[in-house]
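Q: For the sequence shown, the numbering used here gives the first residue as 1350, with consecutive numbering after it.
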Amino acid sequence: MFRLDSSEGAIVSIVSVVDHLLQTFSNMFLSLILLLAAAPAAADPLVSGARPSSAEIKSEGSTPEADSTESTSELISIETDWNAAREASEKLDFSAAQERLEAALAVQSRLFGDSDFTTAALLLDLAMVLAYQEDFEGADAIVRRAGPIIDRSPRPTDRARFAGYQATIAMLQGDYSVANRFAQDASSRWREIIGSDDQQALLSLFQTEEEARVGVQPELALSLAREAAILLRMDDPVTAYAKAGEALFEFNSAAQKPPIWRSEILAILGEASSALGRLSAADTFFKKAIDIRRSVQGDGPGMIRLLLAQGRAYQREAMNVNSIIAFRRAVEIAKNMPPGSVALRVDDLVPFASAVLDEEQFLESEEDRLGLMTELYDAFQIAFVPGRDDVINLASMQFVDDDPVLADLIDSLKQSLLLQAEINGKLGVERAKVTGDRDDRLIEFLLSQLQIQSDKVSGIRDILNQEYPDYQRFDGSELPDLNVVRGALAPDEALASFLIGQDSSFLQLITRDRVHIAPIEAGNDKLDQMVRELRQGLEIEGGSVNEFNLDESHFLYQTLFGAVADEFNKLGRLIVIPNGPLSDLPFGTLVTRLPLSADYTEASWLVNRMSVTHAPSLVSFINLRSTRTVRAPPRSFLGVANPKFVSDIQTLPTSEDPICNPEGLAILSRFDSLEELPDTIDEVNSVIASLGIEDADVFSDRAAKEEVFRTDALNQYNIIYVATHAVMPGEVACQREPGIALARPGEMALSRTEDGFLDASEIAALRISANLVVLSACNTATSSDAAVQKGESLSGLAESFFIAGARSMLVTHWQVPSVATATLMKNLFGNIGDERGLSTDQALQRAQVEAISNEETAHPFFWGAFSFVGSGAETVFSSGSRL
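#1: Per the contact definition of three or more C-beta pairs closer than 8 Å, is the region 1920-1932 in contact with the region 1839-1850?
#2: Relative to the alpha-carbon of Leu2177, which residue among Gly1594, Val2165, Arg1718, Phe2215 has its alpha-carbon at the smallest distance?
#3: For the beta strand (DSSP E) containing His1963, list its first residue and its last residue.
#4: Mind checking which residues open and close the alpha helix (DSSP H) that includes Asn1529?
#5: Hey, how far is the Cα of Ser2202 from the Cα of Glu2223?
#6: Report all residues from its chain with a CB closer than 8 Å to the CB of Gly2221; omit the five preceding and five following residues, and keep chain order.
#7: Should the region 1678-1697 be called in touch with the region 1708-1719, which here means at least 3 C-beta pairs below 8 Å?
#8: Excluding the 5 residues preceding and the 5 following Leu1656 in the sequence, name in chain order all residues of the same chain whose CB lies nearer than 8 Å to its CB.
#9: With contact counted as at least three CB pairs below 8 Å, one residue from each stretch, are the region 1610-1626 and the region 1586-1600 in contact?
#10: Taking a contact to mean a Cβ-Cβ separation below 8 Å, would you say Ser1612 touches Arg1642 in this structure?
#11: Fully enclosed by the region 2049-2118, which alpha helix (DSSP H) runs are 4 residues long or longer?
#12: Quick one: what does DSSP say Lys1637 is sitting in, helix, strand or coil?
#13: Between Gly1513 and Arg1530, what straight-line distance do the alpha-carbon atoms span, to the nearest angstrom?
#14: Hey, how far is the Cα of Trp2212 from the Cα of Thr2060?
#15: In the DSSP assignment, find the unbroken beta strand (DSSP E) run with Leu1899 in it and report its ends.
#16: Grouping DSSP H, G and I as helix and E and B as strand, with all else coil, what is Gly1649?
#17: Compare the C-alpha of Ile1617 against each of Pro1607, Ser2039, Gln1605, Leu1597 and name the closest.
#18: CA-CA distance, Pro2209 and Phe1897?
#19: Would you tell me roughly how many angstroms separate the C-alpha atoms of Asp1830 and Ile1499, rounded to the nearest one?
#20: Kindly indicate the opening and closing residues of the alpha helix (DSSP H) around Met1879.
#21: Between Leu1768, Ser1797, Ile1866, which has its C-alpha nearest Glu2111's C-alpha?
#22: Check whether the region 1488-1497 and the region 1523-1537 are in contact - that is, three or more C-beta pairs closer than 8 Å.
#23: Could you give the DSSP three-state label for Ile1363: helix, strand or coil?
#24: Taking C-alpha atoms, which residue in Val1456, Ala1469, Ala2192, Leu2121 lies nearest to Ala2155?
#25: In the DSSP output, what is Phe2217 paired with across the bridge?
#26: Using 8 Å as the threshold, is the C-beta distance between Pro1944 and Leu1934 below it?
#27: I'd like to confirm the pairing. Which residues does DSSP put opposite Ala1845 in its beta bridges?
#28: Measure the beta-carbon distance from Tyr1569 to Ser1526 and round it to whole angstroms, keeping in mind my assumption that it falls under 8 Å.
#29: If distances are taken between C-alpha atoms only, which option among Pro1982, Glu2043, Asp2050 comes closest to Ala2119?
#30: Suppose contacts are defined by Cβ-Cβ distances below 8 Å. Is Val1478 in contact with Leu1521 by that definition?
#31: On a CA-only basis, which of Ala1658, Leu1909, Leu1473 is nearest Ala1509? Give me that one, please.
#32: For Asp2050, which residues of its own chain have a beta-carbon under 6 Å away from its beta-carbon, when the five flanking residues on both sides are left out?
#33: From what residue to what residue does the alpha helix (DSSP H) around Asn1669 run?
#34: Contact check, Tyr1817 vs Ala2207 under 8 Å by CB: the rounded distance?
#35: In chain order, which beta strand (DSSP E) runs of at least 3 residues are fully inside the region 1791-1840?
#36: Which residues in the same chain have their Cβ closer than 8 Å to the Cβ of Tyr1906, if we skip the five residues on either side of it in sequence?
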């Protein structure tokens, strides 16, 4: 059954026998695998991921014209950027890697186009770094562009690697069945190559000459290991163990044995052994893998994954102390990674949290328990959350200091970051196009503009770090200290944040006294489903409002907060930092006790017990709580309501409208579908009267135009109240962004600054100093995929106004009838007018409770749409206000 290769000291098996032995859990075979694991590692240098030199970057299949224009300097630039991307990837800084790959790809595409196989290699590397940042739409677009190039390649190794890339991207996306199909295809192709006499197959352009010397057998070994990793995700440890064992056999049979590759295979064997309940074997594999990795690279980024796997194995066997030690080492390494690195993901930390929670109950000292929870809290702060961006944190720094120089620096930094986001969005669209449609010159121009902004960002941050030592404490580059967070909370307040994984999640509830971390038995998809089902009861169908399911609302409350229900009895204010599907949840509509009837007035709504505030991010919460309004804007109130959407000028029929226009202007005829909003002017005037304001500026009808937001005076208002339509992407323009509809231009617009549509990017670039912005419109808090919508929890237009400078906001989750909205706003601002020191979230709570007490408006559709965004302590009448 077995043959011994004495030259390598390795045992090689027939695959069918391996599968049979593993499926019968043969102790003999386990001993053989362990023997292989203990064999000395090869001393070869790391070659995985090596990139070609400028001499090796040659055009294969390119046109003679392209060859004649290539220059040594440009080839060197490709090599330099490609190697820099590799170095950034090794540090898990995929954002930096993406920037360098984009630069290399722009030059490569211009010189050689999409007929060159090196272009495909760059494309696939770019697809990988996008996938690691969970930009799967972008990754898929790049893979589609690379596919036809790979199909034309004469070398089987290109197609084998392509299948491997596709498998890894699908695995990162969580589509394990698709990943497994690609992985099997990759392994099958490597087997065919090994059995072929065609030596040219070994010379893929995906390899340097050094890589080619390694041979194909280690490639097959890694491919089999990839299959094993995917099978573990599919809960098939038996087959995974067989694949990993075969991978080790193939690896040890190879002439060249890169040690890091061996380390990867041993780690997967460790995971498979652990899943089969063989901790002793798993421990042996992990220790050997870690020793190999450390001997080659030290305690660098590559060690994180091994330590996480070891921690998972210990936690699976309830060896919680050992598990915590392994995770602790991984977290310490991750803390030293560059800001924005994808070192840890939420799902990586789920077993760490489980081990901590299991161990915590056995600790007698409250200090020890708090210390352990603080460790877990710190780990959660560095977990990668897709779309997390520092613009939100930076926006909250606008309130930190009464220093005009600092304010200008922060504003310049914010504007550059916004430009970077806008340019990256345009790059993403252009780079995904096929040859003929794609403008490579435009890509190079955009990249040059991106570099200008990147240099500007680096320069400003250098100044801030040198001249303002506290800058890092406020901008989010340093981990928020738990004691600082606790100190910012009042005795009756709690701050809730959520770490949402694929299959399970965690709640972090911080109070002044302690931190509670509790498991949530639902992952992203399940929570998304629960929120969507709950919101179905907040929609209008057939002219009437759907019934709201009180039982579902209570179940969702129990899912999210059931483990900390006792703490809720002490609270008067809850500050939530939602993300993912919870961004679309109006938390006040949760029901805290099992309903005894269908009477909405008798339901135990969360808002009956406490006010609810949505904080933009943890850092922004701290910044807002740590600062005060140093000066009140000189003007009291700006109101924009009831814009005129009908124009007197002749427009083309809708059917003749262009699908899009290159400038991204609003398509004027689409304004015809927007209903007039005459009641909104009464709503605004009612708020003005409730606050006793005598010098308000109100713009309506044709005066409610985009120009109102383009004047310097916008920065002078304490309250900005916008009552108009919020339109979703594609409704009036072609951008993938939401926006607000203003008065239709009286003539054809020549630029986005005057087309009557203020989109999210335009809003974010505004300069405002308002203490409160009210967005009384449809869907102003609904999630969006726009480039600027990258905050930790805010979504839609609310985020954009916060970035622009709003200290706090009132936003709506859905369209509410104008009469109900006007009544709610009148009561809310009437409460503030009667009690000038009342916080805005408490005023909203009182107005909502009053609506619940009325049978006609007790349905949450009428009162639950509005959410307050801020830190919870904001009042309309700030110190020094003229109101």
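We treat Cβ as the ideally placed atom computed from N, Cα and C, and that holds for glycine.
Being a predicted model, the structure only gives us computed values, none of them experimental.
A: Based on what the coordinates show:
#1: yes
#2: For this step, residue 2177 is matched to residue 828 along the sequence shown. Comparing Cα-Cα distances from Leu2177 to each of Gly1594, Val2165, Arg1718, Phe2215, the minimum goes to Phe2215.
#3: Within the sequence shown, the letter at position 614 stands for residue 1963. First-last of the beta strand (DSSP E) with His1963: 1960-1963.
#4: As a position in the sequence shown, residue 1529 is number 180, starting the count at 1. It spans 1525-1543 - the alpha helix (DSSP H) in which Asn1529 sits, taken as one unbroken run.
#5: Residue mapping note: residue 2202 aligns to position 853 of the sequence shown, counting from 1. Residue mapping note: residue 2223 aligns to position 874 of the sequence shown, counting from 1. Near 26 Å, if we compare the C-alpha coordinates of Glu2223 and Ser2202.
#6: As a position in the sequence shown, residue 2221 is number 872, starting the count at 1. So the list reads Glu1842, Arg1922, Ile1924, Ser1960, Thr1962, Ala1964, Ser2188, Asp2190, once near-sequence residues are dropped.
#7: no
#8: Taking the first residue of the sequence shown as position 1, residue 1656 is located at position 307. Cβ neighbours of Leu1656 beyond the five flanking positions: Ile1639, Ala1675, Phe1676, Arg1678, Ala1679, Ile1682.
#9: Yes, since at least three Cβ pairs between the region 1610-1626 and the region 1586-1600 fall closer than 8 Å, the two stretches touch.
#10: Within the sequence shown, numbered from 1, the residue matching residue 1612 stands at position 263. Within the sequence shown, numbered from 1, the residue matching residue 1642 stands at position 293. Yes, they are a contact pair.
#11: 2109-2113
#12: By one-based count along the sequence shown, residue 1637 stands at place 288. Residue state, collapsed to three classes: helix.
#13: For this step, residue 1513 is matched to residue 164 along the sequence shown. For this step, residue 1530 is matched to residue 181 along the sequence shown. Straight-line Cα distance between these residues: approximately 10 Å.
#14: Counting from one through the sequence shown, the residue named residue 2212 turns up at place 863. Counting from one through the sequence shown, the residue named residue 2060 turns up at place 711. Answer to the nearest angstrom: the Cα atoms are 34 Å apart.
#15: The count along the sequence shown starts at 1 and reaches residue 1899 at position 550. That residue, Leu1899, is in no beta strand (DSSP E); its alpha helix (DSSP H) goes 1899-1910.
#16: Residue numbering aside, residue 1649 sits at position 300 when the sequence shown is read from its first letter. Coil at Gly1649, not helix or strand.
#17: Position 268 of the sequence shown, counted from the first residue, corresponds to residue 1617. Of Pro1607, Ser2039, Gln1605, Leu1597, the smallest CA-CA separation from Ile1617 is found for Leu1597.
#18: The residue you call residue 2209 lines up with position 860 of the sequence shown. The residue you call residue 1897 lines up with position 548 of the sequence shown. It is roughly 8 Å from the alpha-carbon of Pro2209 to the alpha-carbon of Phe1897.
#19: Along the sequence shown, read from residue 1 onward, the residue named residue 1830 stands at position 481. Along the sequence shown, read from residue 1 onward, the residue named residue 1499 stands at position 150. Roughly 49 Å between the two C-alpha positions.
#20: Your numbering for residue 1879 matches position 530 in the sequence shown. It spans 1873-1885 - the alpha helix (DSSP H) in which Met1879 sits, taken as one unbroken run.
#21: As a first step, residue 2111 must be located in the sequence shown, where it is residue number 762. If we check each option's Cα against that of Glu2111, Leu1768 comes out closest.
#22: no
#23: Working through the sequence shown from its first residue, we reach residue 1363 at position 14. Because the pLDDT of Ile1363 is 29, which lies under 50, any placement of that residue in the model is unreliable, and the number read from its coordinates should be weighed accordingly. Of the three classes helix, strand and coil, the one that applies to Ile1363 here is coil, per DSSP.
#24: As a first step, residue 2155 must be located in the sequence shown, where it is residue number 806. For Ala2155, the nearest C-alpha among the options comes from Leu2121.
#25: Here residue 2217 refers to the residue found at position 868 of the sequence shown. DSSP output for Phe2217 lists Thr1962, Leu2159 as bridge partner(s).
#26: Working through the sequence shown from its first residue, we reach residue 1944 at position 595. Working through the sequence shown from its first residue, we reach residue 1934 at position 585. Taking 8 Å as the Cβ cut-off, Pro1944 and Leu1934 do not qualify as a contacting pair.
#27: The residue you call residue 1845 lines up with position 496 of the sequence shown. Partner(s): Leu1858, Val1925.
#28: Position 220 of the sequence shown, counted from the start, is the residue given in the question as residue 1569. Position 177 of the sequence shown, counted from the start, is the residue given in the question as residue 1526. One detail in the question is off: residue 1569 reads as Leu in this sequence, not Tyr. Contact doesn't hold; Cβ gap of about 22 Å is too wide.
#29: The residue you call residue 2119 lines up with position 770 of the sequence shown. The residue with the shortest Cα to Cα distance from Ala2119 is Pro1982.
#30: Within the sequence shown, the letter at position 129 stands for residue 1478. Within the sequence shown, the letter at position 172 stands for residue 1521. The criterion of a C-beta distance shorter than 8 Å is not satisfied by Val1478 and Leu1521.
#31: Against the sequence shown, residue 1509 aligns to sequence position 160. Selected option, being the one with the closest Cα: Leu1473.
#32: In the sequence shown, the residue the question calls residue 2050 occupies position 701. Sequence-distant Cβ neighbours of Asp2050 in its own chain, meaning closer than 6 Å and more than five residues away, are Lys1993.
#33: Walking along the sequence shown from the start, residue 1669 turns up at place 320. Residue range 1669-1684 is occupied by the alpha helix (DSSP H) that includes Asn1669.
#34: For this step, residue 1817 is matched to residue 468 along the sequence shown. For this step, residue 2207 is matched to residue 858 along the sequence shown. 51 Å between Cβ atoms; not a contact.
#35: none
#36: For the purposes of this step, residue 1906 is taken as the residue at position 557 of the sequence shown. Closer than 8 Å at Cβ, skipping near neighbours: Leu1939, Val1940, Thr1941, Leu1955.
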